[in-house]
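Shown next, in structure tokens, is the structure this report addresses.
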Amino acid sequence: MVHAMREPAHRVSPRARRLWAVEAALAVLVALAAQAVWWFVDDAPDRTAHRVVAAVWAVVGLGYLVVMPQWRYRVHRWEATPTAIYTQTGWLNLERRIAPLSRVQTVDLERGPLSQLLGLASVTVTTASAAGPVRIHGLDLPVALDLVDSLTAAAVLDVGDAT
Amino acid sequence: MTERAPGDGSGWRRLDARMLLVHPVQTFVRFLPAILAILIARSSTSGSSDGDRWELVALPLIVAVGALRWLTTRYRIGDGQIELRRGLLNKTTTTARLDRVRTVDLTSELHHRALGLAKVEISTGSAGKDRLVLDSLSLVDGRRLRAELLHRAAPAPAPDLAAHPVLPVAPADVSADEELLRLDPAWVRYAPLTLTGLATAAAVVGFAVQGLQRYADDGALTSAAEQVRALVWWADVVILLAVISLLAVLAYVLSFWGFRLSRNTLGTLHARRGLLTTRETTIDRSRLRGVRVEAPLGLRLAGARRLRAVSTGLPTERGGGSDWLSPPAPVEAVTTVAVEIVDDASAVLAALVPHGPAARRRRLNRALAPAVVVGAALIAARAVLGWPTGFAVAVPVLLAAAFALGMDRYAGLGHLVTPTHLVAQHGSLDRSRVVLAREGIIGWTIRQSFFQRRAGVVTLVATTAAGRQHYELVDVTPERAHAVVAEITPALVADFS
Chain A
1 MVHAMREPAH
11 RVSPRARRLW
21 AVEAALAVLV
31 ALAAQAVWWF
41 VDDAPDRTAH
51 RVVAAVWAVV
61 GLGYLVVMPQ
71 WRYRVHRWEA
81 TPTAIYTQTG
91 WLNLERRIAP
101 LSRVQTVDLE
111 RGPLSQLLGL
121 ASVTVTTASA
131 AGPVRIHGLD
141 LPVALDLVDS
151 LTAAAVLDVG
161 DAT
Chain B
1 MTERAPGDGS
11 GWRRLDARML
21 LVHPVQTFVR
31 FLPAILAILI
41 ARSSTSGSSD
51 GDRWELVALP
61 LIVAVGALRW
71 LTTRYRIGDG
81 QIELRRGLLN
91 KTTTTARLDR
101 VRTVDLTSEL
111 HHRALGLAKV
121 EISTGSAGKD
131 RLVLDSLSLV
141 DGRRLRAELL
151 HRAAPAPAPD
161 LAAHPVLPVA
171 PADVSADEEL
181 LRLDPAWVRY
191 APLTLTGLAT
201 AAAVVGFAVQ
211 GLQRYADDGA
221 LTSAAEQVRA
231 LVWWADVVIL
241 LAVISLLAVL
251 AYVLSFWGFR
261 LSRNTLGTLH
271 ARRGLLTTRE
281 TTIDRSRLRG
291 VRVEAPLGLR
301 LAGARRLRAV
311 STGLPTERGG
321 GSDWLSPPAP
331 VEAVTTVAVE
341 IVDDASAVLA
351 ALVPHGPAAR
361 RRRLNRALAP
371 AVVVGAALIA
381 ARAVLGWPTG
391 FAVAVPVLLA
401 AAFALGMDRY
411 AGLGHLVTPT
421 HLVAQHGSLD
431 RSRVVLAREG
441 IIGWTIRQSF
451 FQRRAGVVTL
461 VATTAAGRQH
471 YELVDVTPER
481 AHAVVAEITP
491 ALVADFS
């Protein structure tokens, strides 16, 4: 998107695609459950509306399941230098975030149940601004642990957080 | 300066004893509905029994609670921190480092003022959530405390602090303060032109109308309502506007009367305002990250502006409003103050860099699209439902207004990088120009929505710990966004170019 700046160097773990796909499947299942409830609650004999909505859902949901993780995997990138952390996220809407490590306040490592099954972890870096947390989803656990260590070491060196 | 320690020998200080008078009043006001309910209940069962004289029990109880609060609440300053200790059974001690103190607010409501008291709120967190509240100190003590917290010339070494728990500070010399702005009563004329003024007034009118409807049976009111109804429609509008303007003026006077903005020799800003409830806000210079010059449409047409601080530690703009640096006032007065505060004339006054044709196209699209939809609906309604032609006539007016809005939104869009500040301006009905200190920027976000990608523009967001936490440059070209980032934080992007 921004031609003047190159992309961050590293991709996230390839298994992140599986994580996103499962998450997407859960969302689609919720929609399907709503559809099923509607099917049983609605007393009208004509079922055309149900079939049309179901067909639309099937196409959209399947497309989302297949396309989104792949697309997202191609977009999501990250890079940490001794002075800054730089990420690129999104799929339809893109977002790049840069935060200088000198302004970092906290570094968090998060592992949900799905991430634990897949051996993945997310790293969240917060600055003094409520608007500026930098998140990297779907990292391999060893990579994430290394990253947290190096970020924490860098953040400890500086004290000013501009508040 | 020798300081008395009313608490005990260790430098603990108490709230002012006069709070014992304030506390029952506050409790009374808080329980007013309950008290009224009890009174009404008693009057309906009148004469039955005088035995349950509840106020004989309640009053001493309230006074006792107040006394307990006074006895158990103590604060002290020492070792580079302020401590607040409260509670009898659940003792809580709140501690904050003095160098984390960002702003100090002194608020005096009417009953405080009658006794010469003030509530002191000390903000120690970046978003204004972490506060120490001392309710109440005498005004003199409150001001002295504020001076101790904010006007520290140089932190003394720690052993010295232990020996003298109270920092040796020269009392804030008011005569040395430099006055930046003082309210001119003629500025009250701008009150009806602000959206907030109008919204407040509309809310009051709405409540009043609802309240009046309860008494609609009252003969005098009904006849008055009949008279109003008999007037031509424009007279109604004039009356409504007059009432709303009057209320807006009232609100302006209540909140901004006696507004005075001053700066002391250390650069600390000090704003005082209010007719009945007076507020004094003090902002440490090292916490101030810039200013926001606001020009909502009404003020802009009248040649007026208003000014807010962009600072860490102030409550967000919607809550409290302690970030005012100027009430709605003439543009010259406001910009002079703004230049004085940020010390960067071009950041406040200079023409901005426009965002280009793609940004204009997007402004127009976004303004016209809803107008086109509504217009199409009106025309369809005339064709299908047989609505009167008058509605269809409104369509060109609607489209013209939308076009004007889009063009004005583009005209308001711009940014500028000065040697010390980043300037971002946007909006039409609610235009504001944010002047943000470059050293206050602690990160960048570059966003590109699906439609922005097709238009070849991005939104550059500067994140900061002050004010709204993030300020946006909407619809700039990617190259321009990168140039801004590279100019302000060259070291940051050097690795990624």
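Keeping their order, the protein sequence lines are chains A and B. Residue 1 is where the first sequence starts when you use UniProt numbering, and the numbers rise one by one after that. Residue 1 is where the second sequence starts when you use UniProt numbering, and the numbers rise one by one after that. Note that the Cβ used here is the ideal one computed from N, Cα and C, for glycine as well. Keep in mind it's a predicted model, so treat the numbers as computed, not measured.
Asked	Found
Go ahead and pull the three-state DSSP assignment for W187(B).	helix
Here's the rule: buried if 16 or more other CB atoms are within 10 angstroms of the residue's CB, otherwise exposed. What is I98(A)?	buried
Buried or exposed: T93(B), going by 16 or more other Cβ atoms within 10 Å of its Cβ?	exposed
Would the beta-carbon of A358(B) fall within 8 Å of that of V291(B)?	no
Taking 8 Å as the threshold (beta carbon to beta carbon), is T81(A) in contact with chain B?	yes
Looking at the structure shown, is A302(B) part of a helix, part of a strand, or coil, going by DSSP?	coil
Would you call the region 142–155 of chain A and the region 74–83 of chain A touching, i.e. three or more CB-CB distances under 8 Å?	yes
Looking at chain B, is there any beta carbon in it that lies within less than 8 Å of the beta carbon of S129(A)?	yes
Does any residue of chain B have a CB that is nearer than 8 Å to the CB of residue 199(A)?	This structure cannot speak to residue 199(A), because chain A is shown only from 1 to 163.
Thinking just about the alpha-carbon of each residue, which of P69(A), D42(A), V28(A), F40(A) is nearest to the one in A55(A)?	V28(A)
What does the Cβ neighbour count give for V287(B), buried or exposed, with the cut at 16 atoms within 10 Å?	In the sequence as presented, Val is not what sits at residue 287(B); that position holds Arg. It counts as buried.
Could you tell me which residues DSSP pairs with R11(A) in its beta bridges?	R77(A)
Beta-carbon separation of D16(B) and L117(B) under 8 Å?	yes
Just to confirm before moving on: does the CB-CB distance between V188(B) and V243(B) stay below 8 Å?	no
Consult DSSP for Q105(A) and reduce its assignment to one of helix, strand or coil.	strand
DSSP three-state call for L266(B): helix, strand or coil?	coil
Considering S426(B), what are the terminal residues of the beta strand (DSSP E) in which it resides?	At residue 426(B) the sequence reads His, which differs from the Ser that was named. Here the beta strand (DSSP E) through H426(B) covers 421–426.
State the beta-bridge partners of Q448(B) as determined by DSSP.	L94(A)
Note down, in chain order, every chain A residue with its Cβ under 8 Å from the Cβ of L492(B).	T83, A84, I98, P100
For G443(B), which of helix, strand or coil comes out of DSSP?	strand
Quick one: which chain B residues come within Cβ less than 8 Å of R103(A)?	I442, G443
If you draw a straight line from the alpha carbon of A252(B) to that of A58(A), how long is it in whole angstroms?	Here the sequence assigns Tyr to residue 252(B), which means Ala is not the residue at that position. Straight-line Cα distance between these residues: approximately 58 Å.
For H482(B) and chain A, any beta-carbon pair shorter than 8 Å?	yes
For P159(B), collect the residues of the same chain with a Cβ closer than 7 Å to its Cβ; drop the 5 residues on either side in sequence, then sort them by chain order.	Note that P159(B) scores a pLDDT of 37, beneath 50, so its modelled location is shaky; the value from the coordinates is reported in the next line. Closer than 7 Å at the Cβ level, and outside the excluded window around P159(B), lies no residue.
Taking 8 Å as the threshold (C-beta atoms), are V476(B) and V457(B) in contact?	yes
Is G313(B) near the ligand GDP, judged by its Cβ being under 7 Å from some heavy atom?	In the structure on display, the ligand GDP does not appear, and there are no ligands present to speak of.
Can you list the residues of chain A that S449(B) reaches, using a CB-CB cut of under 7 Å?	N93
Just the chain A side, please: which residues come within less than 9 Å of H426(B) by C-beta, in chain order?	Ordered by position in chain A, no residue passes the 9 Å Cβ test against H426(B), which lies about 16 Å from the chain.
Would you list the one or two residues that DSSP bridges to K119(B)?	T107(B)
Which partner residues of Q88(A) appear in the DSSP bridge assignment?	R77(A), R96(A)
With a cut-off of 8 Å, does the C-beta of H421(B) fall near any C-beta of chain A?	no
In this structure, does DSSP put D42(A) in helix, strand or coil?	coil
By the criterion of Cβ-Cβ separation under 9 Å, what are the contact partners of H470(B) in chain A?	S129, A130, A131, G132
Does the Cβ of A96(B) have 16 or more other Cβ atoms within 10 Å, making it buried, or fewer, making it exposed?	buried
Quick check on DSSP: helix, strand or coil for H482(B)?	helix
On a CA-only basis, which of G427(B), S138(B), A304(B), D323(B) is nearest G313(B)? Give me that one, please.	D323(B)
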